[in-house]
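Input: a single structure, listed below in structure tokens.
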Amino acid sequence: KVHLQITASLLLKKYHGGHVVIRMALGGATNRPFYRIVAAYNKRSRDGKCIEQLGSYDPLPNIYNEKLVGFNYDRIKYWMGCGAHPTKPVAKLLGLKLLTLKIQMYFQITICFIGSW
Numbered sequence: 681k682v683h684l685q686i687t688a689s690l691l692l693k694k695y696h697g698g699h700v701v702i703r704m705a706l707g708g709a710t711n712r713p714f715y716r717i718v719a720a721y722n723k724r725s726r727d728g729k730c731i732e733q734l735g736s737y738d739p740l741p742n743i744y745n746e747k748l749v750g751f752n753y754d755r756i757k758y759w760m761g762c763g764a765h766p767t768k769p770v771a772k773l774l775g776l777k778l779l780t781l782k783i784q785m786y787f788q789i790t791i792c793f794i795g796s797w
């Protein structure tokens with residue numbers, strides 16, 4: 681019985697309430713924003729503690745006039761599979777790539793289905 685109480689108290693300390701969202705955390709310096717794409721509880725502050733960093737986004741163009749975006753798509757798919765909701769800006773950044781991932785998954789399923797005949 682004592683063991684169950686200790687386990688329950690540890691679980692309560694780790695749970696922070698709310699649900700998990702995929703959002704941007706602001707970093708960088710004055711007039712030089714830089715965003716980290718993170719999985720965090722929705723009740724945490726914007727730049728507060730996160731569960732996991734999933735990518736980064738640099739909104740200012742570099743010398744080649746490119747805005748740099750990097751994601752870990754496997755982890756994003758994992759968190760979305762666990763029920764995490766992306767915020768609107770993150771969904772906009774993910775839009776094209778997730779569409780191609782859905783198309784690739786469709787073709788993989790189709791190929792597996794045809795191969796099982």
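The numbering of the sequence shown is the numbering used here, which starts it at 681 and goes up by one. Positions of the beta carbon are idealized from the N, C-alpha and C atoms, including for glycine. The structure presented is a predicted model; accordingly, all values stated were derived computationally and were not measured.
Checklist entry - DSSP on LEU756, reduced to helix/strand/coil? => result It should be noted that the sequence gives Ile, not Leu, for residue 756. Of the three classes helix, strand and coil, the one that applies to ILE756 here is helix, per DSSP.
Next on the checklist: Taking DSSP's pairing of strands, which residues face PRO766 in a bridge?
Outcome noted: The partner list for PRO766 (beta bridge, DSSP) reads ILE702.
Checklist entry - What is the DSSP secondary structure of GLY735, reduced to helix, strand or coil? => result strand
Checklist entry - Which residue from VAL700, GLY728 and LEU748 puts its Cα closest to that of GLY735? => result Among VAL700, GLY728 and LEU748, the Cα nearest to that of GLY735 belongs to LEU748.
Next on the checklist: Give me, in chain order, the residues of the same chain whose beta-carbon lies closer than 6 Å to that of GLY698; leave out the 5 immediate sequence neighbours on both sides.
Outcome noted: TYR721, ASN722 and LYS723
Checklist entry - Since TYR721 is in the beta strand (DSSP E), which residue starts that stretch and which ends it? => result 712-721
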